[in-house]
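Residue numbers (the working numbering), protein chains in the order written: chain Z, 1 to 292; chain F, 1001 to 1399.
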């Protein structure tokens, strides 16, 4: 299915500021019907891409959060055991053969759809977000490959369930484990970097509506400088937004003003004790000086 | 705009573009991109007529043809080099072919001591060589090799020169690796002795008894492989042992083990892929190429910092055992070493330190680096003889 829309514009109206490269990659993923694998540091907005895409193509977002030990019953489907037990009990007096009971309790009424099955059974192609695929086990990755190529699920008791529509698949990975080459080959690839200054300013002004233009610019310049420091955890876009919101809430008009308050709001950006200690008031004021 | 691009604007299914694209894909393959014929077809389909919008085309092909960060970062240069003939040569060393073409003679000196002795491997029987064990040059050879097994196990590893004996190290490493391969998983599997009920199976079975769940099916967590990260010190002070330890590391980082290997000296390099190479000679040759530029003393703290910054987030998890093979002679500050080890231990639950010197008589681990590192080590052992190495197997299994 080909969707010819100006994806960049649509993303923008969904409050996601994408650069040309990302917009092109998303467009390509939609056109070719291929999954898009997003990699990048934590906090650069990988998950947001999927949400914005769902918004942009006006469809549902179905999310599967991966974790170690994720198995078929949490990802694909599960039988509704309580209901099954109840109906076995209820049909005890109806003189049904065990064959009939079995057919009944293993029918679709008793099937609980989990994200993967749900995604292929929607009327309109949803966006399927498979978040942090690297956290799932390798066995699951192999299974996922099968679903992503055939778009069908086999339930032993029911038979094969074909896809009603093909979902737009977005996978994200933080690189805690090397993904298999097979999976990488099946996907389009995009590496999400920290945004540059202009993009970050735009993101802040879009997401924090009350902010003044010069303040947005100062904030992003400060954060861009901060990212160059030797930190354990580099602040992402989400952190910048938190900080911007905090500063707006405190009615701070410029970073060069009340240094003490600014220092105390740095907890929005720095998430480890070592980082907090390494950005001393002197360092902060130096960065603020550069930003102003 | 370069000539190649203009000609590509011509007939869509015609000769030029198809051929150009095939050559471009070939160009990428030379730089170790994994691409098949399917990708070529797709790439053609994607750029069809879109060459006018050049930047967009580049973005599209980038997304289509890359698969990991390394390729992602390399792509733009390769793209420009090809379509605009901007004259950037592909990276010489990234091509596998160039290794094979290198002759032994052109190998850098740094690794001579580790495998130049290989040549004598066909000689059978005991060899007698000039005594030169203690000095800087003579290195690993220079002793009458013991043929008696038990005696061999007690021989200090510096005296090993026979490749067969070195292979023993690899076998031993295999044993060690298998001893610590499994840890508990968070995931449940069907199992007779499990502690949790498996409802799905139970209900299925209960059908035969009219819905009365007589037979309870259970499940439990199966064992999961642990991950191993090995650091091998290849500085001057360790050089008598390096050859042996390299083989040992090669055994640990075997196919079925989730493992990572790093060499360090004054800086750190990741050698996992190289060590996994089946052909030993080839692996050693590649290692020597990678170790180019190494020299000077050991900077343990600095190397670990590099690891913590670059790899730790992605290569360590809660089931990781970190193994350091080093004598602890460090030219960096002990404070930095302690700080980096502390960071490392936050991510990895176990740290094993194997020190070849510990087996020496009268040796006390009192170098400032060792003293700084001790509090962070979960298991500290000697590693100067095969016997000492086998002794750590049960310990490791316990970790």
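Quick reminder that beta carbons are idealized off the backbone N, C-alpha and C, glycines included. A quick note: this is a predicted structure, and the numbers were derived from the prediction, not measured.
**Prompt:** Considering only residues of the region 129-212 of chain Z, which uninterrupted alpha helix (DSSP H) runs meet the minimum length of 4 residues and lie entirely inside it, listed in chain order?
**Reply:** Here the runs fully enclosed are 138-150, 181-186, 197-207.
**Message:** Given this structure, state the Cα-to-Cα distance separating residue 82/Z from residue 1229/F, to the nearest angstrom.
**Reply:** To locate residue 82/Z, count along the first chain from 1; it is residue 82. To locate residue 1229/F, count along the second chain from 1; it is residue 229. In this model, residue 82/Z and residue 1229/F are separated by some 46 angstroms (Cα to Cα).
**Asked** Are any of the Cβ atoms in chain Z nearer than 7 angstroms to that of residue 1083/F?
**Response** In the second chain, residue 1083/F corresponds to position 83, counting from 1. The C-beta of residue 1083/F comes no closer than 7 angstroms to any C-beta of chain Z.
**Message:** Looking at chain Z, is there any beta carbon in it that lies within less than 7 angstroms of the beta carbon of residue 1203/F?
**Reply:** Within the second chain, residue 1203/F is the residue found at index 203, counting from 1. Judged by the 7 angstroms Cβ criterion, residue 1203/F is in contact with chain Z.
**Prompt:** Which residues does DSSP pair with residue 1350/F in a beta bridge?
**Reply:** Start at 1 with the first residue of the second chain, and residue 1350/F comes out as number 350. DSSP, once it has assigned bridges, lists 1321/F as partnering residue 1350/F.
**Request:** Return no unless some Cβ of chain Z is closer than 7 angstroms to the Cβ of residue 1328/F.
**Result:** Taking the first residue of the second chain as 1, we reach residue 1328/F at position 328. No, its Cβ sits nowhere closer than 7 angstroms to a Cβ of chain Z.
**Asked** Would the beta-carbon of residue 1380/F fall within 7 angstroms of that of residue 1351/F?
**Response** For the purposes of this step, residue 1380/F is taken as the residue at position 380 of the second chain. For the purposes of this step, residue 1351/F is taken as the residue at position 351 of the second chain. Not in contact: residue 1380/F and residue 1351/F (Cβ atoms no closer than 7 angstroms).
**Prompt:** Less than 6 angstroms between the CB of residue 1339/F and some heavy atom of the ligand FAD, yes or no?
**Reply:** This structure lacks the ligand FAD; in fact it carries no ligand of any kind.
**Request:** Kindly indicate if chain Z contains any beta-carbon less than 7 angstroms away from that of residue 1096/F.
**Result:** The residue labelled residue 1096/F in the question sits at position 96 within the second chain. A caution first: residue 1096/F carries a pLDDT of 38, below 50, which makes its placement in the model unreliable, though a value can still be read off. No, its Cβ sits nowhere closer than 7 angstroms to a Cβ of chain Z.
**Asked** So, is residue 162/Z buried or exposed, given that buried needs 16 or more other C-beta atoms within 10 angstroms?
**Response** The residue given as residue 162/Z occupies position 162 in the first chain. Using a 10 angstroms sphere on the CB of residue 162/Z, the tally of other CB atoms stays under 16, which defines it as exposed.
**Prompt:** How long is the line joining the alpha carbons of residue 1330/F and residue 230/Z, rounded to whole angstroms?
**Reply:** As a working note, residue 1330/F is residue 330 in the second chain. As a working note, residue 230/Z is residue 230 in the first chain. Cα-Cα distance, rounded: 23 angstroms.
**Asked** Given residue 284/Z, which residues of its chain have a CB within under 8 angstroms of its CB, disregarding the five upstream and five downstream residues?
**Response** Here residue 284/Z refers to the residue found at position 284 of the first chain. Excluding sequence positions up to five before and after residue 284/Z, its CB lies within less than 8 angstroms of the CB of 259, 262, 263, 266, all in the same chain and listed in chain order.
**Message:** For a test of the three-state rule: what should DSSP assign to residue 1218/F, helix, strand or coil?
**Reply:** Taking the second chain and counting its residues from 1, one reaches residue 1218/F at position 218. When DSSP states are grouped into helix, strand and coil, residue 1218/F belongs to the strand group.
**Prompt:** In or out: residue 253/Z buried (at least 16 other Cβ within 10 Å) or exposed?
**Reply:** Mapped onto the first chain, residue 253/Z falls at position 253. Exposed, since its Cβ has fewer than 16 Cβ neighbours within 10 Å.
**Asked** Could one say the Cβ of residue 1060/F lies closer than 7 angstroms to chain Z's Cβ atoms, at least one of them?
**Response** One-based indexing of the second chain puts residue 1060/F at position 60. Closer than 7 angstroms: yes.
**Message:** Can you tell me where the beta strand (DSSP E) holding residue 1260/F begins and where it ends?
**Reply:** Stepping through the second chain from its first residue, residue 1260/F is reached at position 260. Where residue 1260/F is concerned, the enclosing beta strand (DSSP E) stretches over 1258-1264.
**Prompt:** Under 7 angstroms, do residue 128/Z and residue 169/Z count as touching if we go by C-beta distance?
**Reply:** On the first chain, position 128 is the one that residue 128/Z refers to. On the first chain, position 169 is the one that residue 169/Z refers to. Contact: yes.
**Request:** Would you kindly work out how many angstroms separate the C-alpha atoms of residue 1246/F and residue 80/Z, rounded to a whole number?
**Result:** Along the second chain, read from residue 1 onward, the residue named residue 1246/F stands at position 246. Along the first chain, read from residue 1 onward, the residue named residue 80/Z stands at position 80. Those two C-alpha atoms are separated by around 54 angstroms.
**Members of the region 11-31 of chain Z near chain F, C-beta cut-off 7 angstroms** = Here the close residues are 20, 21, 24, 25, 28.
**Prompt:** Buried or exposed: which applies to residue 1014/F, given that a residue is buried once 16 or more other Cβ atoms fall within 10 Å of its Cβ?
**Reply:** One-based indexing of the second chain puts residue 1014/F at position 14. The predicted model places residue 1014/F with a pLDDT of 48, which falls under 50 and marks its position as unreliable; any figure quoted below should be read in that light. Exposed: under 16 other Cβ atoms inside 10 Å.
**Prompt:** Where does residue 1335/F land, buried or exposed, given buried means 16+ other C-beta within 10 angstroms?
**Reply:** Numbered from its first residue, the second chain carries residue 1335/F at position 335. Label assigned to residue 1335/F: exposed.
**Prompt:** From residue 151/Z to residue 1388/F, what distance separates their C-alpha atoms?
**Reply:** Position 151 of the first chain, counted from the first residue, corresponds to residue 151/Z. Position 388 of the second chain, counted from the first residue, corresponds to residue 1388/F. Taking the straight line from one Cα to the other gives about 55 angstroms.
**Message:** Based on DSSP bridge pairs, tell me the residues matched to residue 79/Z.
**Reply:** Position 79 of the first chain holds residue 79/Z. Paired residues: 111/Z.
**Message:** Within 10 Å of its beta-carbon, does residue 27/Z have 16 or more other beta-carbons around it, so buried, or fewer, so exposed?
**Reply:** If you number the first chain from 1, residue 27/Z lands on position 27. Under this definition residue 27/Z is a buried residue.
**Request:** Could you tell me the distance, in whole angstroms, from the CA atom of residue 1081/F to the CA atom of residue 228/Z?
**Result:** The residue you call residue 1081/F lines up with position 81 of the second chain. The residue you call residue 228/Z lines up with position 228 of the first chain. For residue 1081/F and residue 228/Z, the distance between alpha carbons rounds to 30 angstroms.
**Neighbour flag for residue 122/Z against chain F, beta carbons, 7 angstroms** = Here the question's residue 122/Z lines up with position 122 in the first chain. With its beta carbon at least 7 angstroms from every one in chain F, residue 122/Z lies outside the interface.
**Asked** Got a sec, what are the start and stop residues for the alpha helix (DSSP H) residue 1307/F sits in?
**Response** Your numbering for residue 1307/F matches position 307 in the second chain. Residue 1307/F -> alpha helix (DSSP H) spans 1300-1310.
**Message:** What does DSSP give as the partner residue(s) for residue 60/Z in the beta ladder?
**Reply:** Position 60 of the first chain, counted from the first residue, corresponds to residue 60/Z. DSSP, once it has assigned bridges, lists no residue as partnering residue 60/Z.
**Prompt:** Nearest to residue 74/Z by CA position, among 112/Z, 234/Z, 245/Z, 232/Z, is which residue?
**Reply:** Here residue 74/Z is taken as the residue at index 74 of the first chain, counted from 1. Per the Cα distances, 112/Z.
**Message:** Please tell me whether residue 1318/F has its Cβ less than 7 angstroms away from any Cβ of chain Z.
**Reply:** By one-based count along the second chain, residue 1318/F stands at place 318. Output row for residue 1318/F: interface = no.
**Request:** Name, in chain order, the residues that DSSP records as bridge partners for residue 1269/F.
**Result:** Taking the first residue of the second chain as 1, we reach residue 1269/F at position 269. The secondary-structure analysis by DSSP pairs residue 1269/F across a beta bridge with 1263/F.
**Request:** Starting from the Cα of residue 1321/F, find the closest Cα among 1333/F, 1328/F, 1348/F and give me that residue.
**Result:** Sequence index remark: in the second chain, residue 1321/F carries index 321 (1-based). Of the candidates 1333/F, 1328/F, 1348/F, the one whose C-alpha sits nearest the C-alpha of residue 1321/F is 1348/F.
**Message:** Quick check: residue 183/Z and residue 115/Z, are their CB atoms within less than 7 angstroms of each other?
**Reply:** On the first chain, position 183 is the one that residue 183/Z refers to. On the first chain, position 115 is the one that residue 115/Z refers to. No.
**Request:** Could you pull out every residue in the same chain whose Cβ sits closer than 8 angstroms to the Cβ of residue 1122/F, ignoring the five residues on either side in sequence?
**Result:** On the second chain, position 122 is the one that residue 1122/F refers to. In this prediction, residue 1122/F has a pLDDT of 38, which is less than 50 and means its spatial position is unreliable; nothing more can be read from the coordinates.
**Message:** Run through chain F and tell me which residues come within less than 9 angstroms of residue 310/Z, C-beta to C-beta.
**Reply:** As shown, chain Z starts at 1 and ends at 292. That puts residue 310/Z outside it, with no answer to give.
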